[in-house]
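Comments concern the structure below.
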Amino acid sequence: MHVFRMTFLASKSGAISEDQIEEITSFHAALYKNGQAIEREYPIWINKNRVTMNITCLEKNSLAKCNCNKYVLNHLKKLSELGFNKIHKSYLGIDPSCIETCECKASSAFILFSTYASYASPIRCYDCFKNVPLYQFQPICNFEFLDIMTWYNDYKACDSLQMHCSVGERFALKQLGDPKSALSKMGLKICEELAKQTKKPFYYFLMKHYGISKRDELQRKCPLCKRPWLKQKIHRLFHFQCKNCSLLSNVAYSLRRRN
Ligand SMILES: [Zn+2]
Ligand SMILES: [Zn+2]
311 MHVFRMTFLA
321 SKSGAISEDQ
331 IEEITSFHAA
341 LYKNGQAIER
351 EYPIWINKNR
361 VTMNITCLEK
371 NSLAKCNCNK
381 YVLNHLKKLS
391 ELGFNKIHKS
401 YLGIDPSCIE
411 TCECKASSAF
421 ILFSTYASYA
431 SPIRCYDCFK
441 NVPLYQFQPI
451 CNFEFLDIMT
461 WYNDYKACDS
471 LQMHCSVGER
481 FALKQLGDPK
491 SALSKMGLKI
501 CEELAKQTKK
511 PFYYFLMKHY
521 GISKRDELQR
531 KCPLCKRPWL
541 KQKIHRLFHF
551 QCKNCSLLSN
561 VAYSLRRRN
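Using our numbering, read the sequence shown as starting at 311 and increasing by one per residue.
Here it is in structure tokens:
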């Protein structure tokens, strides 16, 4: 991932107003909802008549105009109306802690994916499992990817609950593993829409946490169409696949830890 620094230079000297700061924050939010900025902590600071912030992106050209949607462009216009006459962008370098971005010429399929620790794109390439920027797709509604980011953050929240094993663990495991849960329904709907749009399979991952035995696991069936799972080994995470329902699943984590 690539880190950029953006400096907003106000034409008038003097204090930066609350409106100007609010607009910069909204500009970052619009970049985030368009997949141009990845949700990392973005330091923002004021020095005299300039405001500076760091932005983490998936690609070197993530912030290019061709990747901006109408909301991002509107915020840029508003920033100029609010007195920022110059916006300077500089490249700081690579963030080594993040998963790389897919460079496949044509991915054969995609996976909607997130974890509690995920700071990436909600969409992964099926072939290399690296990030695919959201702005490479068409938004499902209203010109931005708010629905996908909602699913992504809700998934992260549920995965955090199950990881902490303290509050709402049962609720979280149901959301993550049951194809009829509100979270899964939301994710499956997104996969269905994006599969229609890209004309490629879009897989949804159903997490299996607790299992009785490995034998039981191997006899599990796809919970939607009830056909036997296709046994697979995909990116060391997924062991079961149903091409009919575009689902992926895993051998229960509790059993894998014991072995
Ligand atoms: Zn790829
Ligand atoms: Zn199925």
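Backbone N, C-alpha and C define an ideal beta-carbon position, used for all residues, glycine too.
Next on the checklist: Once DSSP output is grouped into helix, strand and coil, what is the label at ILE421?
Outcome noted: strand
Checklist entry - For the beta strand (DSSP E) that LYS536 lies in, which residues bound it at each end? => result Note, LYS536: premise wrong, no beta strand (DSSP E); not H, not E.
Item to check | Beta-bridge partners of ARG480, as assigned by DSSP | outcome: According to DSSP, ARG480 bridges with nothing at all.
Checklist entry - Quick one, what's near ligand 2 if you take every residue whose CB is closer than 5 angstroms to any heavy atom, in chain order? => result CYS532, LEU534, CYS535, CYS552, ASN554 and CYS555
Next on the checklist: Quick check on PRO449 - is its C-beta less than 8 angstroms from some C-beta in chain C?
Outcome noted: The chain inventory of the structure shown lacks chain C, comprising one protein chain alone.
Checklist entry - So which residues touch the region around ligand 1, with touch meaning a C-beta under 6 angstroms from any heavy atom? => result CYS412, CYS414, SER417, CYS435, ASP437, CYS438 and LYS440
Checklist entry - Nearest to ASP457 by alpha carbon, out of GLY345, LEU558, GLY521 and SER523? => result GLY345
Next on the checklist: Using 8 angstroms as the cut-off, can you tell me whether the segment 462-476 makes contact with the segment 438-452, which would need three or more C-beta pairs spanning the two stretches below that distance?
Outcome noted: no
Item to check | Outcome for HIS398 when other beta-carbon atoms lying within 10 angstroms are tallied against a minimum of 16 | outcome: By the neighbour-count criterion, in which 16 or more other beta carbons inside 10 Å mark a residue as buried, HIS398 falls on the exposed side.
Checklist entry - Going straight from the alpha carbon of TYR342 to that of GLU349, what length do you get? => result 7 angstroms
Checklist entry - Run through DSSP, which three-state label would SER390 get? => result helix
Item to check | DSSP-derived helix/strand/coil call for LYS399 | outcome: strand
Item to check | LYS423 vs PRO432 beta-carbon contact at 8 angstroms | outcome: Lys is not the amino acid found at residue 423; the sequence shown has Phe there. Against a cut-off of 8 angstroms, the Cβ pair of PRO432 and PHE423 comes out as a contact.
Checklist entry - According to DSSP, is LYS553 helix, strand or coil? => result coil
Checklist entry - In the DSSP assignment, what are the bridge partners of GLU454? => result Looking at the DSSP assignment, GLU454 forms a beta bridge with CYS451.
Checklist entry - Quick one: what does DSSP say ARG546 is sitting in, helix, strand or coil? => result coil
Checklist entry - Looking at the structure shown, is ALA467 part of a helix, part of a strand, or coil, going by DSSP? => result helix
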